[in-house]
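Visitor: Chains as they are written, first to last, in the numbering used here: chain C, 1 to 236; chain V, 1001 to 1411. Think of the CB as a built atom: it goes at the ideal place given N, C-alpha and C, for glycine as much as any other residue. As the structure is a computational prediction, the values presented were derived from the model and not from experiment.
1) Tell me the DSSP secondary structure of residue 1360 (chain V) in three-state form.
2) Starting from residue 221 (chain C), trace the beta strand (DSSP E) both ways and give me its first and last residue.
3) Under a three-way DSSP split, which group does residue 1254 (chain V) fall into?
4) What in chain V is Cβ-close to residue 52 (chain C), meaning under 7 Å?
5) Determine whether the beta carbon atoms of residue 1389 (chain V) and residue 1334 (chain V) lie at a separation below 7 Å.
6) Looking at the structure shown, is residue 39 (chain C) part of a helix, part of a strand, or coil, going by DSSP?
7) Decide yes or no for the touch test of the stretch 112 to 127 of chain C against the stretch 156 to 171 of chain C: beta carbon pairs closer than 8 Å, at least 3 of them.
8) What is the DSSP secondary structure of residue 169 (chain C), reduced to helix, strand or coil?
9) Assuming residue 1375 (chain V) is part of the alpha helix (DSSP H), what are its boundary residues?
10) What separation, rounded to the nearest whole angstrom, lies between the Cα atoms of residue 1326 (chain V) and residue 1401 (chain V)?
11) With a CB to CB cut of under 8 Å and the five nearest residues on each side skipped, what residues in its chain are close to residue 1019 (chain V)?
12) Can you find a CB in chain C that lies within less than 7 Å of the CB of residue 1318 (chain V)?
13) Report the residue ranges of all beta strand (DSSP E) runs contained in full by the stretch 1097 to 1140 of chain V; include only those spanning at least 3 residues, in chain order.
14) With a threshold of 8 Å, are at least 3 pairs of Cβ atoms found where one atom belongs to the stretch 1029 to 1044 of chain V and the other to the stretch 1316 to 1325 of chain V?
15) Would you mind telling me which residues of chain B sit closer than 7 Å to residue 98 (chain C), beta carbon to beta carbon, in chain order?
16) For a quick check, are the C-beta atoms of residue 1029 (chain V) and residue 1303 (chain V) less than 7 Å apart?
17) Counting C-beta neighbours from all protein chains within 10 Å, is the total for residue 232 (chain C) 16 or more, i.e. buried, or is it exposed?
18) Could you give the distance in angstroms between the alpha-carbon of residue 137 (chain C) and the alpha-carbon of residue 101 (chain C)?
19) Please state whether DSSP places residue 1275 (chain V) in a helix, a strand or coil.
20) Taking 7 Å as the cut-off, decide whether the C-beta atoms of residue 1297 (chain V) and residue 1387 (chain V) are in contact.
21) Excluding the 5 residues preceding and the 5 following residue 1355 (chain V) in the sequence, name in chain order all residues of the same chain whose CB lies nearer than 6 Å to its CB.
22) Would you verify that the beta carbon of residue 110 (chain C) is, or is not, closer than 7 Å to some beta carbon of chain V?
23) Roughly how many whole angstroms lie between the Cα atoms of residue 1182 (chain V) and residue 1252 (chain V)?
24) Beta carbon of residue 1156 (chain V), beta carbon of residue 1191 (chain V): below 7 Å?
25) Do we get a CB-CB distance below 7 Å when we pair residue 76 (chain C) with the residues of chain V?
26) I need the straight-line Cα distance from residue 1103 (chain V) to residue 1207 (chain V), nearest angstrom please.
27) Less than 7 Å between CB atoms is the rule here; does residue 1329 (chain V) satisfy it with respect to chain C?
28) Counting only runs that start and end within the stretch 159 to 204 of chain C, where is the beta strand (DSSP E) found for 3 or more residues in a row?
29) What residue does the beta strand (DSSP E) around residue 92 (chain C) start on, and which one ends it?
30) In whole angstroms, what is the alpha-carbon distance linking residue 202 (chain C) and residue 1397 (chain V)?
31) Does the count of Cβ pairs from the stretch 77 to 93 of chain C and the stretch 49 to 61 of chain C closer than 8 Å reach three?
32) Does the CB of residue 42 (chain C) have a neighbour CB from chain V at under 7 Å?
33) Taking the continuous beta strand (DSSP E) assigned at residue 1231 (chain V), which residues delimit it?
34) Name, in chain order, the residues that DSSP records as bridge partners for residue 209 (chain C).
35) If you draw a straight line from the C-alpha of residue 66 (chain C) to the C-alpha of residue 106 (chain C), how long is it?
36) At a cut of 8 Å, does the stretch 1375 to 1386 of chain V reach the stretch 1056 to 1063 of chain V through at least three beta carbon pairs?
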């Protein structure tokens, strides 16, 4: 079986004025389908850059990245958009719902760009909302929902396309303990159903939900090992 | 794709609905531009039609020949004072210019007209029967006079509606009545259908027609028998007018024995010439209108562009999210273009309504005729659409060129 993610000697170099910033320095990484991976690291370690590349929002300066066996580093912006739409679901720290737009319409958004019929969009979005436990709140606006509920709408939006990869960037960063636990439970459930989940976090107890923990430092993989606390679970 | 457009239009309407004041102010330029154009085209078109209708009352494909002016030791008299045109000119032209359907002639004088104890001062025209057909006069009662009346210098008269109103009691039958011109009794044999104002603004119904021969022998006291005040001719088709005019000029110059260098002692005008003067006026109006419209649509378009640029900045994060979940460049471009076109179309629609109402109000308040053609509305509609499209392109492209990572991080 082809690995879902295959990174080989990835470099990302930015120019800030006449300064050269090397965000990633020859990073290599392989993630199999169905894994639950936590990526950790301090700020400036390059984990956000790695997330952007893994999410096809950005492209490496050097090296290759294969997603499901497809090399993505030479694709045009529209082709990347297509891949994001087909294969990747994003969950952000700040939820990033579209303001003054109902939960259902937010969850519909990826399908809207996929060009499905309105009926199909609505049905799938409603099912996704049900999956995250938000039935009956389809027509609530983000401002009428709690932080945890907003993040659940964001997860519904991420999984409505049945992606092979779910990228969660600090998904509990803006949430209280109770909501964090609920969100992590949902992500755990999705992983059990076969979706690969990559979680970026700096909280150890959140990372503990994952099966594998990768620590990034100075643009390279520092450690890569299975999580120890896995058997204990729910220790937030 | 249709679901995409539909949802985008709905989203655009919702966003505009949220910022009603902002949207309204943005549309104002387009509203004013379109309303001004619709109203002014309506008024201009109404005026043009009115003028055309007046010109049409002259008759169909009419050519008018005036005699020249007298010149006594360098002092020129007014046009038509010379006696260079005669009945035989008119008869000869009919024979020698085959393009002419008919020729007629007239001579006029203002004098007192008496019916019983009432009197009126009005223009009395001695005319040939052909004159009446060339000028398209019809009758509301009675009928015209004939060649026999002309040959026998019969004392019969045709009177216009203004004369009827001033010389007869309401309900009194003018046909058969006897009126007097310079104490010569005339029997009224016909009342002319009203024509209203002429293109120059004179009352065309303040008129009496009597046979030309009767006029020159019994009423006017003409010193040169056969000299006429004006000659009228008509062609079958308006395309024949220029050729007919040229041929008439040749025949008249030959008849008047004018040598190569000598100027014409007559003036020939056609209905088309008279209409052209009016058209010139309305063309000036159209050019003015077009400049006003262009300026206000330009200003309106810039307003739309401005507000869209603000909108792109405000919604940078939203654009980032849309890109992250799979919006392609064209989706983002379409979204903002549709927003721009929704704005400009709404503005255009409001402008059309205001313009039509404005034109109607002008008709009601000022009494000017206005004509709103569907063409103008269609043009205004597509023009506002085009303004939205044109001025939306830059902001839409700016949005689509955003980098998704930067857009997502935008605060």
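Guide: According to the structure data:
1) The residue given as residue 1360 (chain V) occupies position 360 in the second chain. Helix.
2) The residue you call residue 221 (chain C) lines up with position 221 of the first chain. 220 to 226 is the extent of the beta strand (DSSP E) around residue 221 (chain C).
3) As a first step, residue 1254 (chain V) must be located in the second chain, where it is residue number 254. The answer is helix: DSSP assigns residue 1254 (chain V) an H, G or I state.
4) The count along the first chain starts at 1 and reaches residue 52 (chain C) at position 52. 1405, listed in chain order.
5) Residue mapping note: residue 1389 (chain V) aligns to position 389 of the second chain, counting from 1. Residue mapping note: residue 1334 (chain V) aligns to position 334 of the second chain, counting from 1. Not closer than 7 Å, so no.
6) Locating residue 39 (chain C) in the first chain gives position 39, where the first residue counts as 1. Residue 39 (chain C): strand per DSSP, three-state reduction.
7) yes
8) Here residue 169 (chain C) refers to the residue found at position 169 of the first chain. Looking at residue 169 (chain C) - three-state DSSP - the assignment turns out to be strand.
9) Indexing the second chain from 1 puts residue 1375 (chain V) at position 375. Start and end: 1374 to 1400.
10) Residue numbering aside, residue 1326 (chain V) sits at position 326 when the second chain is read from its first letter. Residue numbering aside, residue 1401 (chain V) sits at position 401 when the second chain is read from its first letter. Approximately 14 Å, taken between the alpha carbons.
11) Stepping through the second chain from its first residue, residue 1019 (chain V) is reached at position 19. Hits under 8 Å: none found.
12) The residue given as residue 1318 (chain V) occupies position 318 in the second chain. Interface residue, yes.
13) The stretch 1097 to 1140 of chain V contains these whole beta strand (DSSP E) runs: 1100 to 1115 and 1118 to 1127.
14) Output reads no: the stretch 1316 to 1325 of chain V does not touch the stretch 1029 to 1044 of chain V.
15) The structure shown contains no chain B; the protein chains it does contain are C and V.
16) For the purposes of this step, residue 1029 (chain V) is taken as the residue at position 29 of the second chain. For the purposes of this step, residue 1303 (chain V) is taken as the residue at position 303 of the second chain. Cβ atoms of residue 1029 (chain V) and residue 1303 (chain V): closer than 7 Å.
17) One-based indexing of the first chain puts residue 232 (chain C) at position 232. Because the pLDDT of residue 232 (chain C) is 47, which lies under 50, any placement of that residue in the model is unreliable, and the number read from its coordinates should be weighed accordingly. Classification for residue 232 (chain C): exposed.
18) As a working note, residue 137 (chain C) is residue 137 in the first chain. As a working note, residue 101 (chain C) is residue 101 in the first chain. Roughly 12 Å between the two C-alpha positions.
19) If you number the second chain from 1, residue 1275 (chain V) lands on position 275. Here DSSP, grouped into helix, strand and coil, assigns residue 1275 (chain V) to helix.
20) Walking along the second chain from the start, residue 1297 (chain V) turns up at place 297. Walking along the second chain from the start, residue 1387 (chain V) turns up at place 387. Yes; because the gap between Cβ atoms is below 7 Å, this pair is in contact.
21) Reading the second chain from its first residue, position 355 is the one you call residue 1355 (chain V). The residues are 1035, 1038 and 1039.
22) Locating residue 110 (chain C) in the first chain gives position 110, where the first residue counts as 1. Taking Cβ atoms only, chain V reaches closer than 7 Å to residue 110 (chain C), which makes this a yes.
23) Position 182 of the second chain holds residue 1182 (chain V). Position 252 of the second chain holds residue 1252 (chain V). Distance between the alpha carbons of residue 1182 (chain V) and residue 1252 (chain V): 34 Å.
24) Taking the first residue of the second chain as position 1, residue 1156 (chain V) is located at position 156. Taking the first residue of the second chain as position 1, residue 1191 (chain V) is located at position 191. Result no, Cβ atoms of residue 1156 (chain V) and residue 1191 (chain V) do not sit closer than 7 Å.
25) Translated into the one-based positions of the first chain, residue 76 (chain C) becomes position 76. No, residue 76 (chain C) does not count as interfacial toward chain V.
26) Numbered from 1 along the second chain, position 103 holds the residue referred to as residue 1103 (chain V). Numbered from 1 along the second chain, position 207 holds the residue referred to as residue 1207 (chain V). Using only the alpha carbons, I get a separation of about 20 Å.
27) Mapped onto the second chain, residue 1329 (chain V) falls at position 329. By this cut-off, residue 1329 (chain V) is an interface position.
28) Within the stretch 159 to 204 of chain C, the complete beta strand (DSSP E) segments of 3 residues or longer fall at 165 to 169 and 196 to 200, listed in chain order.
29) The sequence position of residue 92 (chain C) within the first chain is 92, counting from 1. That residue, residue 92 (chain C), is in no beta strand (DSSP E); it is neither H nor E in DSSP.
30) To locate residue 202 (chain C), count along the first chain from 1; it is residue 202. To locate residue 1397 (chain V), count along the second chain from 1; it is residue 397. Whole-angstrom Cα-Cα distance: 37 Å.
31) yes
32) For the purposes of this step, residue 42 (chain C) is taken as the residue at position 42 of the first chain. Answer no: the Cβ-Cβ gap between residue 42 (chain C) and chain V never drops below 7 Å.
33) Position 231 of the second chain, counted from the start, is the residue given in the question as residue 1231 (chain V). Residue 1231 (chain V) -> beta strand (DSSP E) spans 1230 to 1235.
34) Taking the first chain and counting its residues from 1, the one referred to as residue 209 (chain C) is at position 209. DSSP output for residue 209 (chain C) lists no bridge partner at all.
35) Start at 1 with the first residue of the first chain, and residue 66 (chain C) comes out as number 66. Start at 1 with the first residue of the first chain, and residue 106 (chain C) comes out as number 106. One C-alpha to the other measures close to 29 Å.
36) no
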